[in-house]
DNA sequence: TTAGTGACTGCAT
DNA sequence: CATGCAGCCACTA
């Protein structure tokens, strides 16, 4: 453990909170902006904890690289997420995936050093 | 500090 | 084209 255990997670929460209405992002993308491009898994865990911790972040706008929803057993939460995204205008195909090229969010600010 | 875990991802079968 | 497998990283006990 380090002295600052809220470094990465805080950045992730902040970045996710910056995702605008009607847009989506991927775990890997969030991880990249947070500073660790390979920490997509950790981002997923943080999102799962965000619900438990009651973090006010649009966790439903974070999906996997395929443009789909990762439920890992929690089908109820998955349906909720799909419903929320659909309500925001994100269209899901029969394969339960949306077109990332069309709905992916690209931040206009630079997060890394600069 | 060590070990275990998972809402990921890309490459190989 | 659909599965399987092995890295990678941060968090928790």
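In my numbering, the protein residues as written are -14 to 99. Quick reminder that beta carbons are idealized off the backbone N, C-alpha and C, glycines included. The structure presented is a predicted model; accordingly, all values stated were derived computationally and were not measured.
Where does residue i land, buried or exposed, given buried means 16+ other C-beta within 10 angstroms?
{"i": "residue 91", "result": "exposed"}
{"i": "residue -14", "result": "In this prediction, residue -14 has a pLDDT of 47, which is less than 50 and means its spatial position is unreliable; nothing more can be read from the coordinates."}
{"i": "residue 81", "result": "exposed"}
{"i": "residue -2", "result": "buried"}
{"i": "residue 71", "result": "exposed"}
{"i": "residue 35", "result": "buried"}
{"i": "residue 24", "result": "buried"}
{"i": "residue 67", "result": "buried"}
{"i": "residue 11", "result": "buried"}
Assign residue i to one of three DSSP states: helix, strand, or coil.
{"i": "residue 72", "result": "helix"}
{"i": "residue 42", "result": "coil"}
{"i": "residue 52", "result": "coil"}
Give the range of the alpha helix (DSSP H) segment to which residue i is assigned.
{"i": "residue 15", "result": "12 to 19"}
{"i": "residue -1", "result": "-8 to 2"}
{"i": "residue 87", "result": "85 to 88"}
Going by the beta-carbon positions, is the gap between residue i and residue j smaller than 9 Å?
{"i": "residue 31", "j": "residue 45", "result": "no"}
{"i": "residue 13", "j": "residue 28", "result": "yes"}
{"i": "residue 75", "j": "residue 1", "result": "no"}
{"i": "residue 84", "j": "residue 53", "result": "no"}
Cβ pair count under 8 Å reaching 3, the segment 72 to 88 against the segment -9 to 5 = Too few Cβ pairs lie closer than 8 Å, so no.
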